[in-house]
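Novice:
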Amino acid sequence: MNRRRLAGLFAAGVAAAALLTGCGGDDNTTDGPVTLKVLTWEPGGAEYWKQVKTSFEAGHPDIKLELQSVPFDKYPEVQGPYITSQSGPDVMANNAGLELFDRRSAYVPLGARAAEINKDLVTYSGACEGFDTSKPCYGVPFSYQGNVLYYNKAVLTAAGLDPERPPTTWEEFGAACDAVKKSGKTCLALGLSGVFPAYWDFPEIARSYLTEDDIRGLLAGTLSWKDPKLVSVLGKLAEISTKGWTNKNAPSITMLPDGADIFQRGDAAFAGTIISDAVNWEAFGKALGDDKLGVTRWPAVNPGAPLAQKFSGIEGAVYGVTQWSEKKEAGLTFISWLAGKENGELWVKHAKGQPLNKNVDKALLPSSPAFQKIQELVAQPTLHAGVMLSGPEADALARGWQQVALGQLTVDKWADQMQQALERSPTKKQSK
Amino acid sequence: MTISTTPVPEPVVADRPPEPVRRPARHARLREWWLGAALVLPALALAVAFKLVPLGRGVATSLESSSGFDGTSFAGADNYVRMFDDPVVRSSFRNALLVVATLPVWVVLPLVLAVLIHQQAPGWKFFRAVYFIPYTVAPIVVGIMFRQILAPDGPINALLRRVGLEPLAIEWLNGRYSALFSLVAVALWSFFGLGVMTYLAGLATIPGETLEAAYLDGAGFWRRLFHVVVPMLRPTVAYWSVLCASGVLIWLFPLIYALTQGGPGDATMLPEYLVFLTTFQFLDRGYGSAIGIALFVFVAVLSIFSVRHMFTEGTRKPR
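Protein chains in written order, with UniProt numbering: chain G, 1 to 432; chain X, 1 to 319.
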């Protein structure tokens, strides 16, 4: 009798468990709100993402957001295993460009819906294969990103330089660095550990040597690192450190946060960073004072080069729905909302970033002089050479630069190492 | 108390029990075999599921070529051949050998400190606690901490300059070899407390009279250490050596990550960090697995010598 009762209880338990399992899977079968797991490095800061969650959930009571926030420099390590195991968050972010293309198998292609979702954005090609919107697009950007050179007006003044006329050529930059160095400060705050040099510094020198076709060749892996143009770019990067324009510990520190800290503390004249997300005009303005912060284009090595006076621009983080998500419709709703005006305005208001949505209320745009100057710079965009580099190339660029800075490597050997890194890049393999 | 004089009756001889029915020996052996198998099976299943299957999967992946996160194709031994031409792989294994060369320090330093604590040198209670504390700090935190401490203008160099040792105030994390040995030194700082504790546990098994007799016979500290303690502590020394030999090649990841990220250049690149970079940052899973398998073989070969030595020591009959 007891055995029968036990068997009955067991059967009931199994049935209940099966029922519960059935309810948990698909968003179509749930009674309550669907919970979307979003993997993000919180571009724009925690406050902005808090606003995203509040505003989105208020407008979509049937969807809840669960944010998994990971620091930017740890992000690939957290995301990699999710993609390898094809499990994890419903929505994830990647930087537009090669980083996203490398991981495209993790995302649901948006197909014909891409144009509709992104219709109000200034650009979204960085979310699409080969920067071509007629090819598959894997997600939605909402911010504009790119490189500028910030400078501390007080440090320039103390060095006897005119803070309203920052250097525009390589020679002027060298002269300014000599003056700053004499005044006891670091000229260019730099950290060479990690991939930031590849994304933030390389494209700025590359603009003086490469054309847009060359940059597309870099993306495709058809432009050799032994090409004189790229060897010249490496040579000029090497000069930055070998001429003593940077902080002494540059080879052993990361740019974020260590290198940026040097600038924020007021110990350096220049810092080459980005316009949105972090270490931008807003963060530096808070640290140094808006009136002390200047912003300019990186100095041109060849001022007459076709891209020398352009802005290396790229869509910021791209959010896409994962292939393995069982809540794809909800995920699509969320990323479509990210591309919209409401989020664009949150981005401006709380992240103080450059929005991509054309309909954002202009009255909301910040009044900071540095932000206003950035509006002038971004008006002349070109392809961003940094995001065309594969993982092995970005890594080899930073490691090579460290060695060159320490006198352990010549520029030619560095170019050899870069070529080897290109040949090791799985996504850039050339068919023989 | 009385003593009975009654003769003890002859024990009743029981009827001889009937001869047991002799089951066939084969049947008994079979039953024994099944019992043995049933007892071993759970452990075997766990070992297969959590050791052999992942290892087999790793070997299989190392024979594949992958492009990002796209599909894979069979590549045969290509990934292994590629390793021989890859300067970063060669450099990482050369660094691994340099790290292995520091093993004597890993083995001897904690032993000396453990003996000092065991013989209750002044302040031994304090040092016993202090030595173990670094082991309780997460290695990633240790890495971040020492990145500041070892900076060119950090506290170590400031101290060296203050006490007049300016030439020793080098750029610890920037040099080709100084970076690697700084990494090892930080790892040693972080882990040697565990060695001290391990040796103290071993020292507790040595009779106090033995050490006292050696002391009374006039044996100094080093003589007692090498002629009394080490011979009696051989199994513990061998155990700690095995742990260190494999550990220095697979424990250092969090420290490399926080301290140098394998740099400058590839100065502190060790195979374990390269596996991680190749697999998760370069998205080259097949190649990353091949490097991982090479590391596994490297560690296994190194450990085999130590384990064999430990086994010989452990089974040696006392003279």
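Here a beta-carbon is modelled for each residue, glycine too, at the ideal position from N, C-alpha and C.
Under the DSSP definition of a beta bridge, which residues are partnered with X/F74?
Specialist: Paired residues: X/E64.
Novice: Taking the alpha carbon of G/A287 as the point to measure from, which residue in G/Q372, G/V233, G/A260 has its own alpha carbon closest?
Specialist: Per the Cα distances, G/A260.
Novice: Considering only residues of the same chain and omitting the five flanking positions on each side of G/D102, which have a CB-CB separation below 6 Å?
Specialist: These residues qualify, in order along the chain: T427.
Novice: Check for me: the alpha helix (DSSP H) holding G/M418 runs from which residue to which?
Specialist: Run containing G/M418: 411–424, per the alpha helix (DSSP H) assignment.
Novice: Any residues in the segment 207–221 of chain G with a beta carbon nearer than 9 Å to a beta carbon of chain X? Which ones, in chain order?
Specialist: Per Cβ criterion, the list is empty.
Novice: Check the DSSP bridge columns for G/S193 and list the partner residues they point to.
Specialist: In the DSSP output, where bridge partners are listed per residue, G/S193 has G/T254.
Novice: To test your reading of the DSSP string, which unbroken beta strand (DSSP E) runs of 3 or more residues are found completely within the segment 303–347 of chain G?
Specialist: 311–315, 317–321, all fully within the segment 303–347 of chain G.
Novice: I'd like to know whether the C-beta of X/F50 is nearer than 8 Å to at least one C-beta of chain G.
Specialist: No, X/F50 lies away from the interface with chain G (no Cβ there is under 8 Å from its Cβ).
Novice: Just to make sure I have the definition right: I need the residues of chain G whose C-beta is within less than 9 Å of the C-beta of X/Q281. Which are they?
Specialist: Those are P76, E77, G80, V195, G391, P392, A394, D395, listed as they occur along chain G.
Novice: Below 8 Å CB to CB, which residues in the same chain sit around X/A179 once its five sequence neighbours on both sides are set aside?
Specialist: Cβ within range, chain order: W172, L173, T260, G263, P264, A267, T268.
Novice: Quick check on the burial criterion: 16 or more other C-beta atoms within 10 angstroms. Buried or exposed for G/Q354?
Specialist: Buried, because 16 or more other Cβ atoms sit within 10 Å of the Cβ of G/Q354.
Novice: Since X/S66 meets chain G, which of its residues come closer than 8 Å, beta carbon to beta carbon?
Specialist: Those are P426, listed as they occur along chain G.
Novice: Whole-angstrom Cβ separation of G/A115 and G/A250, contact assumed at under 8 Å?
Specialist: Their Cβ separation, rounded to whole angstroms, is 44 Å, which puts G/A115 and G/A250 out of contact at 8 Å.
Novice: For X/G263, decide whether its Cβ has a neighbour in chain G, counting only Cβ atoms nearer than 8 Å.
Specialist: Yes, contact with chain G.
Novice: Near G/Y199, what residues of its chain come up, given a Cβ to Cβ distance below 6 Å and the 5 sequence neighbours on each side ignored?
Specialist: Cβ within range, chain order: G386.
Novice: Could you name the residues of the same chain whose beta carbon sits closer than 6 Å to that of X/S92, not counting the 5 residues immediately before and after it, in chain order?
Specialist: Here the set comprises M269, L270, P271, L274.
Novice: Might you give, ordered along the chain, the residues of its own chain that have their beta carbon closer than 7 Å to the beta carbon of G/Y107, omitting 5 neighbours on each side?
Specialist: Result list for G/Y107: Y138, G139, G320, V321, T322, Q323, in chain order.
Novice: Using 10 angstroms around the beta-carbon of X/I250, count the other beta-carbons present and answer buried if the total reaches 16, otherwise exposed.
Specialist: X/I250 is exposed by the Cβ-count criterion.
Novice: From the beta carbon of G/K248, is the nearest beta carbon of chain X less than 8 Å away?
Specialist: So, interface residue.
Novice: Using 8 Å as the threshold, is the segment 43–60 of chain G in touch with the segment 337–349 of chain G, meaning 3 or more CB pairs across them?
Specialist: They touch, by the three-pair rule.
Novice: Within 10 Å of its beta-carbon, does X/Y177 have 16 or more other beta-carbons around it, so buried, or fewer, so exposed?
Specialist: X/Y177 should be labelled exposed.
Novice: Using CA atoms only, rank isn't needed, just tell me which of G/S105, G/P109, G/A112, G/Y144 is closest to G/Y124.
Specialist: Of the listed residues, the one whose Cα sits closest to G/Y124 is G/Y144.
Novice: When you compare the CB of X/T260 with every CB in chain G, is at least one pair closer than 8 Å?
Specialist: By this cut-off, X/T260 is an interface position.
Novice: Would you please state the rounded distance, in angstroms, between the beta carbons of residue 459 of chain G and G/V231? I believe it to be under 8 Å.
Specialist: Only positions 1 to 432 of chain G appear in this structure, which leaves residue 459 of chain G out of reach.
Novice: State the start and end residues of the unbroken beta strand (DSSP E) segment that holds G/M388.
Specialist: Segment: none, G/M388 is in no beta strand (DSSP E) and carries neither H nor E.
Novice: Would you mind sorting G/G22 into buried or exposed? The rule is 16 or more other CB atoms within 10 Å of its CB.
Specialist: Confidence in G/G22 is poor, its pLDDT being 38 and thus under 50, which makes the residue's placement unreliable; the coordinate value appears in the next sentence. Exposed, because fewer than 16 other Cβ atoms sit within 10 Å of the Cβ of G/G22.
Novice: Is it the case that the Cβ atoms of G/V301 and G/S208 are separated by a distance below 8 Å?
Specialist: Taking 8 Å as the Cβ cut-off, G/V301 and G/S208 qualify as a contacting pair.
Novice: Please confirm whether G/R104 and G/E129 have their CB atoms less than 8 Å apart.
Specialist: It is a contact, given that the beta carbons lie within the stated cut-off.
Novice: What residues in the segment 137–160 of chain X bring their beta carbon closer than 7 Å to a beta carbon of chain G?
Specialist: Here the close residues are A151, P152.
Novice: Here's the rule I'm using: 16 or more other beta-carbon atoms within 10 Å means buried, otherwise exposed. How should G/G25 be labelled?
Specialist: Unreliable positioning characterises G/G25 in this predicted model, as indicated by a pLDDT of 40, which lies under 50. A coordinate reading is not provided.
Novice: Could you give the residue range of the alpha helix (DSSP H) that holds G/S55?
Specialist: 46–59 is the span of the alpha helix (DSSP H), which, as asked, contains G/S55.
Novice: Helix, strand or coil, according to DSSP, for G/N249 in the structure here?
Specialist: Residue state, collapsed to three classes: coil.
Novice: For X/V13, which of helix, strand or coil comes out of DSSP?
Specialist: Model confidence at X/V13 stands at a pLDDT of 49, short of 50, so the residue's coordinates are unreliable and nothing is read from them.
Novice: Under 8 Å between the Cβ atoms of X/S306 and X/V242?
Specialist: It is a contact, given that the beta carbons lie within the stated cut-off.
Novice: Can you tell me whether G/G146 is helix, strand or coil according to DSSP?
Specialist: Correct three-state label for G/G146: strand.
Novice: Checking contacts by CB at 8 Å: is G/D102 closer than that to chain X?
Specialist: Chain X contact via Cβ: present.
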